[in-house]
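Protein chains in written order, with the numbering used here: chain A, 1 to 460; chain B, 1001 to 1460.
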């Protein structure tokens, strides 16, 4: 595949420093957070949109696959070169080009780290809400390609709500612009929203116009514990009935709490018998959030909360969030392999989802700590196994099939945040009909007639 | 075109009562709010999704154009059968199927009147924010097809933010489902958002799953008058800087105010020398909105407002809104023809837009009252002419060309709410490149290989 003519053509355009063929690079750029990689044939690091377009034309002429790559933090193998070819890393295109306070927008290159953008806009009193757990590593381009979510999505929506316009390179080499700086635009088809979440299979995003909002002046955090998942979901319903729209509504189950307690080496993080914990944050102006926090507390107590704590200051707030922040690392301590699934159901059906997970736990003898964004019905189901236990891994894969089928039966979706990549591609027909998949493939072909852009993703 | 075989096939499937070929029906269903119609060849009124699919198959076999139609309130001729064929009215599919309080969603058929849905969900404490001016006539299906906006879009977003899932019939006859009841879904391409705003050219929408939000408990309205448009825009910027996100931020210019004053037969509605009026509404819990209203007042005064009024009760609130509500009717009194354009610019550039409109007014000797959604930079530019004045009409068309070119130069868009239809199709190349239009046409072809669904719309 690495015909000299390809590498020569790439080097002639980008320079030796930006075309990598050494084994380390090929392996490093061939994997992501899924940890099921395949070495790239060549890695290129274009520095401009025009260079991206040149790389695409060089590959298109030769019908060589191109796999766009941001920070490589995806959980479904979206940036893995499963069909070989060129990995196109956007790491050199990492600048914030503009923060426009008057028009509440930012213009960025794709590889700006999400957390860095948040810091930059917050300095001028603005706010970029999407907050995937990876926000200190993942980049805006990847967030857009996958439509990243996070705890704040219940109130603020996911990445898609903030993407106003894109510059992108088509797999046929043309540079296009979609949307723009205007917050409303109904001229032609909404290609912006079509590209958001398309997992790098339709075009390579080279510039992003993002909508910002005013930064909420203050937050208050509340922690409530419950004897069962059902009562925590009742609390969520009560909160909504009380007309409060929290900025976060995070749920952690008993298994998750236990993992964090063990990792922090404390006996317990919650009252005995806690099967579910809610972390609720309200934000806004001071006058409003005190009133809203009181309503949240009432809603939790009415649902049977065993303990309700409200942070009185920033230190206490950080302390309440600590259990959630330590969670990811704590799970890693339980077992060496984590199958992390981001299923989503209508939030009223969360208790049924947890009942399903209990059944899966028992049937397949697996540890499955769960946590997630209760307001969105978006639950991270973590199947924990030892990487050397082939039998457990086999059971985990069976469990996945049962989980996905069950979620679809609950009117949910097999992915709310991570996308399909190649890891979930075999499960696509559980959720989409033959006609729907055929239509999506025709859309793919409208963008990529030769099928060279990120092949093997989304569709099996 | 009305070959007996077509009508016979349609009657055999739908029954005589639901296939209309009389001249009155053909004319009535051949026009919309643009008032530039063409009679339909046949009008059909299917009552179910399966019947819609049958009609499509009957037409597809014969390659006969199909034009889907909601309430016919569009301003760009989107539901006009410019290429003849069958007008498929969805008027019989007008039921609210479900309001799901626990999951904050509603499931509706396409021809539910938007205002009726709002009333129904508000009865149970929920809220469907999109509020196009036509909300008492227009229907959800049309709102989705055009991505309708309205005053509340600044805070709440346009229709697209509320569409979670769709059932639709493809021009090839298949019934598809996109999205679903889950508020997050990143499985495959976002066909839901692609269909929103596609003006009935990609598929016929037969069922809609809408996201709802808790109803804000209270509103407060403020009216501020300004000696020029610039200072009103400064007020908008100040309001945003004060971290208030109003539910409405409506701007009316001096010409618009004069039209309303004349229609209401009062000498003046605002202090002498008023060139711009802002209507600002904040909503939320009582504690918050009093504080926010105070900030809004300060922001307006700091920008040089000549008068700032705050409604102290619901009667006063209705009184403040009256000037805005009477506007549409008042404009009709000025002249018999209104070319109503919904241009949009980044909001900081509204003063430049108004400078452009002043230039257009003078150059083409036209009356052009303007009003709109200042928070979104979305301004309705109404070119008023007498329908018998051919010279004025010709000047109006020249003015349109200058307006659209100027808006694109201001980094704006030629349509923020009404869409392209056939009326604005000639102007599409002002905003989109040849490559972008070619790509959109390939997307169209992916859905509609024979080009039978609403031909002649969007693309010239």
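We treat Cβ as the ideally placed atom computed from N, Cα and C, and that holds for glycine.
Here the structure is a predicted model, which is why all the values come from computation and not from measurement.
In terms of residues, what are the limits of the beta strand (DSSP E) holding residue i?
{"i": "residue 1223/B", "result": "1218-1226"}
{"i": "residue 1237/B", "result": "From DSSP, residue 1237/B is part of no beta strand (DSSP E) but of the alpha helix (DSSP H) over 1229-1241."}
{"i": "residue 1284/B", "result": "1276-1284"}
{"i": "residue 206/A", "result": "204-211"}
Need the endpoints of the alpha helix (DSSP H) that residue i sits in, please.
{"i": "residue 1440/B", "result": "1434-1447"}
{"i": "residue 407/A", "result": "390-409"}
{"i": "residue 339/A", "result": "Residue 339/A -> not in any alpha helix (DSSP H); beta strand (DSSP E) instead, spanning 337-344."}
{"i": "residue 358/A", "result": "350-364"}
Determine the contact status of residue i and residue j, defining contact as a CB-CB distance below 8 Å.
{"i": "residue 1006/B", "j": "residue 1044/B", "result": "no"}
{"i": "residue 320/A", "j": "residue 309/A", "result": "yes"}
{"i": "residue 1323/B", "j": "residue 1269/B", "result": "yes"}
{"i": "residue 342/A", "j": "residue 415/A", "result": "yes"}
{"i": "residue 278/A", "j": "residue 300/A", "result": "yes"}
{"i": "residue 467/A", "j": "residue 34/A", "result": "It is not possible to answer for residue 467/A, since the shown part of chain A is limited to 1 through 460."}
{"i": "residue 1532/B", "j": "residue 1402/B", "result": "Coverage of chain B is limited to positions 1001 through 1460, which leaves residue 1532/B absent and any answer about it impossible."}
{"i": "residue 1103/B", "j": "residue 1215/B", "result": "no"}
{"i": "residue 1417/B", "j": "residue 186/A", "result": "yes"}
{"i": "residue 1160/B", "j": "residue 1200/B", "result": "no"}
{"i": "residue 367/A", "j": "residue 335/A", "result": "yes"}
{"i": "residue 374/A", "j": "residue 236/A", "result": "yes"}
{"i": "residue 71/A", "j": "residue 25/A", "result": "no"}
Are the C-beta atoms of residue i and some chain A residue less than 8 Å apart?
{"i": "residue 1024/B", "result": "no"}
{"i": "residue 1440/B", "result": "yes"}
{"i": "residue 1378/B", "result": "yes"}
{"i": "residue 1151/B", "result": "no"}
{"i": "residue 1118/B", "result": "no"}
{"i": "residue 1357/B", "result": "no"}
{"i": "residue 1189/B", "result": "yes"}
{"i": "residue 1193/B", "result": "yes"}
{"i": "residue 1443/B", "result": "yes"}
{"i": "residue 1114/B", "result": "no"}
Which same chain residues, not among the five before or five after residue i, have their C-beta less than 6 Å away from its C-beta?
{"i": "residue 54/A", "result": "13"}
{"i": "residue 1317/B", "result": "1221 and 1311"}
Quick check on residue i - is its C-beta less than 8 Å from some C-beta in chain B?
{"i": "residue 218/A", "result": "no"}
{"i": "residue 397/A", "result": "no"}
{"i": "residue 138/A", "result": "no"}
{"i": "residue 145/A", "result": "no"}
{"i": "residue 123/A", "result": "no"}
{"i": "residue 99/A", "result": "no"}
{"i": "residue 454/A", "result": "no"}
{"i": "residue 232/A", "result": "no"}
{"i": "residue 177/A", "result": "yes"}
{"i": "residue 174/A", "result": "yes"}
{"i": "residue 352/A", "result": "no"}
{"i": "residue 360/A", "result": "no"}
{"i": "residue 134/A", "result": "no"}
{"i": "residue 310/A", "result": "no"}
{"i": "residue 161/A", "result": "yes"}
{"i": "residue 283/A", "result": "no"}
Within a Cβ cutoff of 7 Å, which residues of the same chain sit near residue i, ignoring the five residues on either side of it in sequence?
{"i": "residue 1096/B", "result": "1106, 1108, 1112, 1117 and 1120"}
{"i": "residue 169/A", "result": "49, 52, 53, 56, 175, 203, 204 and 206"}
{"i": "residue 1029/B", "result": "1040, 1043, 1069, 1087 and 1089"}
{"i": "residue 445/A", "result": "none"}
{"i": "residue 388/A", "result": "none"}
{"i": "residue 1060/B", "result": "1171, 1172, 1173, 1450 and 1452"}
{"i": "residue 1275/B", "result": "1226, 1227, 1228, 1229, 1253 and 1254"}
{"i": "residue 424/A", "result": "76, 414 and 415"}
Output needed for residue i: all residues of its chain with C-beta closer than 8 Å, excluding positions within five of it in sequence on either side, in chain order.
{"i": "residue 1002/B", "result": "A caution first: residue 1002/B carries a pLDDT of 49, below 50, which makes its placement in the model unreliable, though a value can still be read off. The residues are 1021, 1041 and 1042."}
Using a Cβ cut-off of 7 Å, pull out every chain C residue sitting near residue i, in sequence order please.
{"i": "residue 369/A", "result": "This model lacks chain C altogether, as its protein chains are A and B."}
### Query
Is it true that the segment 1219-1228 of chain B meets the segment 1279-1295 of chain B, where meeting means three or more beta-carbon pairs spaced less than 8 Å apart?
yes
### Contact between the segment 444-459 of chain A and the segment 202-213 of chain A (3+ Cβ pairs under 8 Å)
yes
### Message
Any contact between the segment 1428-1446 of chain B and the segment 171-179 of chain A? By contact I mean 3 or more CB pairs, one from each, below 8 Å.
### Response
yes
### Query
Do the segment 132-141 of chain A and the segment 1393-1408 of chain B make contact, defined as three or more Cβ pairs closer than 8 Å?
no
### Query
Would you say the segment 1256-1267 of chain B touches the segment 1183-1196 of chain B, given that touching needs at least three Cβ pairs under 8 Å?
no
### Query
How about the segment 1368-1386 of chain B and the segment 1236-1256 of chain B: do they share at least three Cβ pairs that are nearer than 8 Å?
yes
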